[in-house]
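Written out below as structure tokens is the structure these notes cover.
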Amino acid sequence: MIRCKLTRLSILLILAVGCKAHRPKETPPPLRIDVATAQADTLTMRYRFTSHLQSRTRAIIQPRVSGYLLQKSYRAGEMVHRGQQLFAIDASLLRTTLRSAEADLSAAMAELTTARNDYERALPLARLNAISASQLDAYRASFASAEGDVKAAREAVESARLQVGYATIYAPIDGIAANSDASVGDYVGPDTKYSVLTTIDATDTLTIDVAIPTSLYMQYSDPSRPSNDNSTLLSDIRLTLADGKEYPHKGIYDYTRQSISPTAGTITIVVAFPNPEQRLKAGEFGEVECGIGRAQRVITLPQKAVTTLQDRHIVWVIAQDSTAQWREVTLGEAVGGRWIIRHGISEGEQVATEGSQKLHQGAKVMPQQTK
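At position 106 of the sequence shown the residue is numbered 106 (this note's numbering), and the sequence of numbers has no breaks.
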């Protein structure tokens with residue numbers, strides 16, 4: 001009796017297990033994920049460069065005459081204006097030289113008067129044959145020599161007057177004057193310790209160097225233009241200062257430096273920024289952002305659609321049958337929260353942006369469009 005019950009129980013268990021084994025497997029519901037569409041955009045590639053500002057014009061103030069420094073008429077670091085007196089050098093010896101030259105000029109002019117009178121008196125005598133031709137030639141030569149002496153004396157006076165004028169030094173441009181190592185009483189001038197008194201940096205326009213890698217330059221430069229003319233290479237040039245604020249005035253192309261840096265492998269383009277409010281200062285650092293080259297048509301995706309795994313860039317592409325397929329892509333530059341896709345994606349294809357960590361090859365999905 002017990003054996004019979006066990007047999008019936010075993011049969012029921014076998015039937016239950018058999019029914020469960022033959023029950024059809026349930027298909028999981030499709031995953032709900034966010035997707036975005038690959039877009040074709042016409043963009044100018046924008047890059048950022050960090051460098052320091054420089055004065056577009058720098059005047060080096062060098063004394064032309066030697067002497068003891070009598071006066072410094074400016075304060076270092078302040079704005080000076082063209083024609084403003086900066087230094088005065090003792091000109092006592094120079095004035096003595098000037099007076100001596102003026103005396104020599106007076107003597108030469110007196111000699112010229114005598115020689116002219118002698119020559120003019122000799123002319124009628126020569127016509128009457130009262131004097132010989134050789135005597136007339138001597139008077140003419142003396143007159144010409146006296147004229148030359150006067151001319152030389154005048155030039156000596158002018159030179160001495162200029163030397164006296166050089167003893168007072170004026171600012172040649174508007175700008176910020178640097179400190180001078182020379183003090184009042186120091187002996188300054190050419191071939192002395194103080195052959196340079198100061199420098200003045202103009203502040204109306206400042207420049208900044210944009211060092212472009214040669215590979216990037218070759219990619220975007222116009223081959224029809226000479227290498228020293230890059231006036232059309234950069235566009236929409238903007239400057240961000242150290243405080244993080246964008247400078248209100250846009251930059252313009254100034255010139256291209258002559259040589260390529262052999263160590264950095266860059267070609268340097270100098271960009272100029274107007275400084276009407278005197279906000280910019282030479283020496284401060286800033287970040288230049290600009291477009292390089294002509295606009296080109298590219299494919300872009302949101303940055304969150306791209307996953308990087310061991311230097312490989314992966315996206316999940318949603319096929320027409322709503323299945324997910326992974327694909328490797330080649331990235332370009334990042335522009336406004338999107339990646340430029342060089343290879344691997346075509347315009348109009350959909351890729352996963354959220355929930356991609358749940359995907360596997362061939363997984364069924366329910367896409368939800370996002371921007």
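Even for Gly, the Cβ is constructed at its ideal location relative to N, Cα and C.
Which one or two residues does DSSP pair with VAL35 in a beta bridge? Residue pairing by DSSP places VAL35 opposite ALA352, GLN369 in a beta bridge.
Sub-8 angstroms separation of TYR253 and ASN228 beta-carbons: no
Report yes or no: do the stretch 212 to 223 and the stretch 102 to 121 share at least 3 C-beta pairs separated by less than 8 angstroms? no
Which listed residue (THR198, VAL188, VAL210, VAL306) has its alpha carbon closest to that of THR266: VAL210
Going by C-alpha to C-alpha distance, which of ILE340, ILE292, GLN320 sits closest to HIS313? ILE340
Extent of the continuous alpha helix (DSSP H) run through GLN84: Per DSSP, GLN84 belongs to no alpha helix (DSSP H) and is neither H nor E.
Neighbourhood of THR199 by C-beta, 7 angstroms cutoff - its chain only, sequence neighbours within 5 removed: For THR199, where only same-chain residues beyond five positions count, the Cβ hits under 7 angstroms are ARG58, ALA59, ILE60, ILE61, ALA178.
Beta-carbon proximity list for ASP34, same chain, < 6 angstroms, skipping 5 on both sides: THR353, GLU354, GLN368, THR370
Let me check understanding here. Comparing Cα to Cα, which of LEU239, ASN275, GLY165, ARG64 lies closest to LEU206? It is ASN275 whose Cα lies nearest to the Cα of LEU206.
Nearest-angstrom Cα distance between SER66 and TYR247? 45 angstroms
Determine, using beta-carbon pairs with one atom in the stretch 168 to 185 and one in the stretch 117 to 135, whether at least three such pairs fall under 8 angstroms. no
Helix, strand or coil: how does DSSP classify THR263 here? coil
Which partner residues does ARG127 have in the DSSP bridge list? Partner(s): none; ARG127 has no beta bridge.
Which residues mark the beginning and the end of the beta strand (DSSP E) in which TYR194 is found? Careful: TYR194 lies outside any beta strand (DSSP E) and carries neither H nor E.
Taking the alpha-carbon of VAL438 as reference, which of LEU43, ARG64, MET366, GLY332 has the nearest alpha-carbon? Nothing can be reported for residue 438: it is not among the residues displayed for the chain, which extend from 1 to 371.
In this structure, does DSSP put ASP149 in helix, strand or coil? Helix at ASP149.
Closest Cα partner of ALA334 within the set GLN320, ILE299, ILE318: ILE299
What number of angstroms, rounded off, separates the C-alpha of LEU98 from the C-alpha of GLU158? 8 angstroms
Pick from THR330, ALA103, ARG294, GLY286: whose alpha carbon is nearest that of GLN303? THR330
6 angstroms Cβ shell around ILE11 - same chain, five flanking residues per side excluded: For ILE11, the predicted model reports a pLDDT of 48, less than 50, meaning its position is unreliable; a value from the coordinates is still stated below. If we look at ILE11 and ignore the five residues flanking it on each side, it has no Cβ neighbours.
What's the C-alpha gap between ALA272 and ILE169? 30 angstroms
Report the rounded CA-to-CA distance for LEU136 versus LEU123, giving the unit in angstroms. Taking the Cα positions, LEU136 is about 7 angstroms away from LEU123.
Look at the Cβ atom of VAL351, then the Cβ atom of TRP326, and state whether they are nearer than 8 angstroms. Not a contact, by the Cβ cut-off of 8 angstroms.
DSSP three-state assignment for LYS364, whether helix, strand or coil: strand
Residue range of the unbroken beta strand (DSSP E) whose run includes TYR74: Per DSSP, TYR74 belongs to no beta strand (DSSP E) and is neither H nor E.
Am I right that ALA305 and ALA40 are in contact with their C-beta atoms under 8 angstroms? What's the rounded C-beta distance? Between ALA40 and ALA305 the Cβ distance is about 16 angstroms, and since that is not below 8 angstroms, they are no contact.
Below 8 angstroms between beta carbons: does that hold for GLU284 and THR240? no
Is the Cβ-Cβ distance between ALA171 and VAL80 less than 8 angstroms? yes
Using a threshold of 8 angstroms, state whether the C-beta atoms of ALA91 and ALA167 are closer than that. Closer than 8 angstroms, so yes.
What does the alpha-carbon distance come out to for the pair THR69 and ALA156? Per the sequence presented here, residue 69 reads as Leu, with Thr not at that position. Near 25 angstroms, if we compare the C-alpha coordinates of ALA156 and LEU69.
To the nearest whole angstrom, what separates the beta carbons of ILE345 and LEU301, a pair I think is in contact under 8 angstroms? With a Cβ gap of about 7 angstroms, ILE345 and LEU301 count as contacting.
Extent of the continuous alpha helix (DSSP H) to which TYR217 belongs: Following the DSSP letters along the chain, one finds TYR217 inside the alpha helix (DSSP H) bounded by residues 214 to 220.
CB contact below 8 angstroms: TYR220 versus chain C: Judged by its chain identifiers, the structure shown contains no chain C, having just a single protein chain.
When the Cα atoms are used, what is the spatial distance from SER132 to ALA146? 22 angstroms
Buried or exposed (CB count within 10 angstroms, at least 16 for buried), GLU349: With 16 or more Cβ atoms within 10 Å of its Cβ, GLU349 is classed as buried.
Report all residues from its chain with a CB closer than 7 angstroms to the CB of ASN396; omit the five preceding and five following residues, and keep chain order. Here the chain comprises residues numbered 1 to 371, so residue 396 is not present and cannot be evaluated.
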